[in-house]
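Per numbering that gives the first Met the number 0, the sequence shown starts with residue 0, numbered consecutively. Okay, so here's the structure we're looking at.
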Amino acid sequence: MDNLLNFIDNRHFLELEEKEMRKETTVHEKTIQTMLFAFPGAGLGNKLFEVISLLGIAETLQRSPVINATNPDYFTAIAHEHTNWGACCKFDNPAKFINRSEQHIMLDGHYFQSYKYFHHMRPKIREWLAPSKLTAVRAEILLPAKHRDDLIICTHVRRGDFQYDGVHQPSDATFTRAATDFLVEFYQKSSPKVTVVVLGNDIEFAHTVFEDRTDNYKFLQETNGTRYNYTLPTVSPLYTAVLTPTLTPEIDLGFSRLFCDVTSLINIWVVALIPVKEQVYYILSGYHGVERWGKIEKCVKEIVIGEMREEDFYPPEWVKLKTDQFGRISSF
């Protein structure tokens, strides 16, 4: 089986290479670089932001992107520009450098986490980051066959380092369940069967939040009580929650792209990789929102207010939702 999967994966990259070779690629003599703070230790999402933003900036400036250049020419004849400094998630328009004559430019900035750097090339990004056949096979294994025809709501939880870094808000148990129940109730009005798939990096947390909606739950057993400052809701729609093992972010992204009809998420790259026609729910610093991109909705929770400008991080199509003091969700 391992040999077969490796063969499938290798064939995928060969096909992509052949496809790319058939395309005409424009090579610009002038270059652009950015500082890569997310490498090597940050998560996949931060790395994607830096690399994809660099590609978007390069296309805007009609320059060739360069990563970690070793050619001495790039160091001896490079112009440094201070931009996007001191904040992860604010847009500093690179178009102001369009008429610069220097051969090589380095943008000294942090993270470049704004959709505005690359939104104009979203179709290309989706093509570049399409899951390999191997990832698709591994993602498919996560979803039991009996649920394949259901409307799938994917709830993505993120805890791990978010609990300790002092910048982000980890997934909250009460809100995660309330938001998922809200979406289930909404879609049960139009879909005969709705199933929830829980993705993310904390399966113990996921089990606590959804233990009464898993297939093996017995209503006579004792629940986890106040773990995570959470108790199971007394009123909740009926549905099945499929808990997935913690595998890799790549598999979560591949699963979301291939199978999710609705997604509660914390990873904005799940949104970036879905078709343009789809629709997105998100949560920001205690309130929630919907991006109207079509049929599918997604949810995201993120608190980095001190380093972000909301209109630069979330596209204007997004419509916010909110929770009141009782945890009830409603629109602004």
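Yeah, the Cβ is synthetic: ideal placement off N, Cα and C, and Gly gets one too.
Just checking my contact of residue i with residue j at CB under 8 Å: how many whole Å lie between their CB atoms?
i: Asn83; j: Gly108; result: 3 Å
i: Glu80; j: Phe96; result: 6 Å
i: Pro130; j: Gly253; result: 3 Å
i: Val197; j: Ala205; result: 4 Å
i: Gly55; j: Tyr116; result: 4 Å
i: Ala138; j: Leu257; result: 6 Å
i: Leu242; j: Phe209; result: 7 Å
Can you give me the C-alpha to C-alpha distance between residue i and residue j, rounded to a whole angstrom?
i: His146; j: Arg125; result: 26 Å
i: Asn92; j: Arg327; result: 38 Å
i: Pro314; j: Met307; result: 13 Å
i: Arg226; j: Gly40; result: 30 Å
i: Leu106; j: Glu310; result: 22 Å
i: Ile152; j: Ser263; result: 7 Å
i: Leu53; j: Leu47; result: 10 Å
i: Lys29; j: Ala86; result: 27 Å
i: Glu203; j: Lys192; result: 26 Å
i: Asp260; j: Asp180; result: 15 Å
i: Arg99; j: Leu231; result: 59 Å
i: Leu323; j: Phe174; result: It should be noted that the sequence gives Asp, not Leu, for residue 323. One C-alpha to the other measures close to 11 Å.
i: Ile51; j: Thr233; result: 44 Å
i: Lys188; j: Thr207; result: 27 Å
i: Val136; j: Trp127; result: 18 Å
i: Gln61; j: Ala94; result: 10 Å
i: Thr194; j: Pro236; result: 11 Å
i: Ile66; j: Phe36; result: 12 Å
i: Ala57; j: Phe38; result: 19 Å
i: Ser190; j: Arg176; result: 20 Å
i: Glu101; j: Met34; result: 18 Å
i: Ser255; j: Pro122; result: 17 Å
i: Gln168; j: Ile140; result: 30 Å
i: Cys88; j: Ala178; result: 25 Å
Is it right to say residue i is buried, meaning 16 or more other beta carbons lie within 10 angstroms of its own, or is it exposed?
i: Gly199; result: buried
i: Val26; result: exposed
i: His155; result: buried
i: Ser284; result: Note on Ser284: pLDDT 37, under 50, position unreliable in the model; no value is reported.
i: Glu49; result: buried
i: Asp148; result: exposed
i: Gln32; result: buried
Cβ of residue i within 8 Å of Cβ of residue j?
i: Ala333; j: Thr213; result: The structure shown does not extend to residue 333, since the chain is modelled only from 0 to 331, so the question has no answer here.
i: Ile250; j: Thr59; result: no
i: His103; j: Ile77; result: yes
i: Arg158; j: Asp211; result: no
i: Tyr238; j: Val183; result: yes
i: Leu150; j: Tyr186; result: yes
i: Phe312; j: Ser113; result: yes
i: Gly42; j: Pro244; result: no
Under a CB-based cut-off of 8 Å, is residue i close to chain B?
i: Ile31; result: Considering every chain present, this structure includes no chain B. It has just one protein chain.
Considering only heavy atoms of the ligand ADP, does any lie closer than 7 Å to the CB of residue i?
i: Phe38; result: Absent from the structure shown: the ligand ADP. Ligands present: none.
Inset, instruction - Let me know the beta strand (DSSP E) ranges lying completely inside the segment 116-190, each 3 residues or longer, listed in chain order. - result: Runs of the beta strand (DSSP E) spanning 3 or more residues and lying entirely within the segment 116-190 occur at 150-156, in chain order.
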